[in-house]
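Visitor:
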Amino acid sequence: MSTLRLWALLRRRSRRDSRDPASLTSTLAVIAFAATTAVTLVVLGGLLAFIDRARAGVGSASYDGWVYVNFAVFAVILLLVPLSTLGGAAARLAMARRDARLATMRLVGATTTQVTLLTLLDAAVQALIGAAIGIGLYGALLPLVARLSFQDRTFDLAELWVGVPNVLLTVAGVLVIALVSAASSLQRVAVTPLGVATRQSPPALTWLRGLSVVVVVAAIVVVNQFAGAAGMVVIFVLMGFIGIGMFTLNLVGPWLLSLVARMVASRTRKVSTLLAARRVIDSPKTGWRSVGGVAIATFVAGVTSIIAIVPESMASSPDEAVFLRDIGTGGLLTLGIAGILAGVSTGVMQAGRVIDQRQEYANLVLAGTPRATLDGARFRETLIPLLTAVGTATVAILIFLVPILGMSAFAQPGVVLRYALSILAACALVLLGGAATRVVAHRMTAQAA
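Using full-length UniProt numbering, the first residue of the sequence shown is number 1, and each one after it goes up by one.
#1: Whether or not the segment 356-364 and the segment 421-428 are in contact is what I'm after, with contact meaning three or more pairs of Cβ atoms, one per stretch, closer than 8 Å; do they touch?
#2: How big is the Cα-Cα spacing for Ala431 and Pro165?
#3: Distance, Cα to Cα, Ala227 vs Pro403?
#4: Could you give the DSSP three-state label for Ser317: helix, strand or coil?
#5: Would you kindly work out how many angstroms separate the C-alpha atoms of Asn224 and Val176, rounded to a whole number?
#6: So, is Ala420 buried or exposed, given that buried needs 16 or more other C-beta atoms within 10 angstroms?
#7: Just tell me which of Ala158, Val395, Leu86, Thr329 has its CA closest to the CA of Gly352.
#8: Please go through the segment 42-84 and give each complete beta strand (DSSP E) segment of 3 or more residues, from N-terminal end onward.
#9: Counting only the same chain and skipping the five closest in sequence on each side, list residues whose C-beta sits under 7 Å from that of Leu83.
#10: Helix or strand or just coil, what does DSSP make of Ser149?
#11: Can you tell me whether DSSP reads Thr112 as helix, strand or coil?
#12: Answer yes or no: do Val171 and Ala90 have a C-beta to C-beta separation smaller than 9 Å?
#13: Taking the alpha helix (DSSP H) that Ser422 belongs to, which residues open and close that run?
#14: For Thr154, which three-state DSSP category applies?
#15: Which first and last residues belong to the alpha helix (DSSP H) in which Ala362 is found?
#16: Please report the distance separating the alpha-carbon of Ser184 from that of Ser345.
#17: Expressed to the nearest angstrom, what Euclidean distance is found between the alpha-carbon atoms of residue 497 and Ser26?
#18: Using three-state DSSP, classify Gly287 as helix, strand or coil.
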């Protein structure tokens, strides 16, 4: 039987097997790919709009259009982490459902090539369907994005339309992410009759990740040397070191999360908290990836909160007043996008973990574990990484910006209030994404019972 024919038969069986809770993985993966495509096109459209304005000479004497292009590029770089995380999570999600079928197929004689092609074909179809839906979402969001005001004017729809070639390139990028993630998932185990079903423990995280903090602190000393400089040099230096800070945050984050989870597990007396902590310890990288967008959102919120409290009346010129207002708007927009991506990522990853641990859930239910305990464990499995990410990012903000701006900038009530509200909104999106997995978990436990 050809690989394509075998794939078609498996897809037909999957559609008929609606009782299997794991069949929801395809839908969740498509949703994740759709969100990735839509957000990518919206962000790309904004960047191209600023580039077109700069080429047309739109700007002021103090802040020309290319200044806005630089900030737009920086925002895109910040959003690459949650975008790539969500795309990779979507591609890996369906692996939880494929494991048993791949093992069965290998045991009955399917070749390694057939198993690999089936996996890649399944991931490609999900990516293409999700990308098509994402393009539709992008078109629906254009009128809303066009109402945003930058450079003292709103966008035209024509400015935000990326064009057919860029749409096709975005779809190709999403497809590549899906195929690479699916292929890397297969490479983690030997694709043999027994190897397909083998579970491997993730390697432990070492304290060497924490050494990157020392490098960052040393870099801050260099940044301080530019504090008295003028012009865009300071902005470029700050943007570069903020980017380094975000990289360091994502490098150190999983290691810190594993430490926090171990501390929680050693001190808690609640079963649900112990279950959550042990699951985080088993895979701290996965836990951190699901909230990595919130860490970025926290960092962005800290910067924009300071800028937003500067009243326009204190600006030295009307151009500076517009510029400060635009930075605040752009920061809030980046914060909102990062929060949405983090929420979707959390929902997708949590659903994948629930499906991957379906046998564990079944055993706990058969042993008499109350459903409320399992719900509490899932909630804390999201809450522990979330609080760790917010706390770590807040400390990172203080490490980076206090030497440059001074502690007085963070002591103002307006900054604290705006920062707190921004973080609460981002955290609410993540917790909402985690709560969305209740449907999958309840169907799983109902089937086990």
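For each residue, glycine too, the CB sits at the ideal point set by N, CA and C.
Owing to the predicted nature of the structure, the values given are computational and were not obtained by experimental measurement.
Guide: Checking against the coordinates, here is how it stands:
#1: no
#2: It is Leu, not Ala, that sits at residue 431 in the sequence shown. Approximately 37 Å, taken between the alpha carbons.
#3: Low confidence applies to Ala227: its pLDDT is 44, below 50, so where it sits in the model is not reliable enough to give any reading.
#4: coil
#5: Since pLDDT at Asn224 reaches only 46, below the 50 mark, its modelled position is unreliable, and the value read off the structure follows with that caveat. Distance between the alpha carbons of Asn224 and Val176: 41 Å.
#6: Exposed, by the Cβ-count rule.
#7: Leu86
#8: none
#9: Thr36, Val39, Thr40, Leu341
#10: In this structure, Ser149 counts as strand in the three-state DSSP scheme.
#11: helix
#12: Against a cut-off of 9 Å, the Cβ pair of Ala90 and Val171 comes out as no contact.
#13: Here the alpha helix (DSSP H) through Ser422 covers 413-435.
#14: Looking at Thr154 - three-state DSSP - the assignment turns out to be strand.
#15: 358-366
#16: 19 Å
#17: Absent from the model: residue 497. The displayed extent of the chain is 1 to 449, so no value can be given.
#18: Helix.
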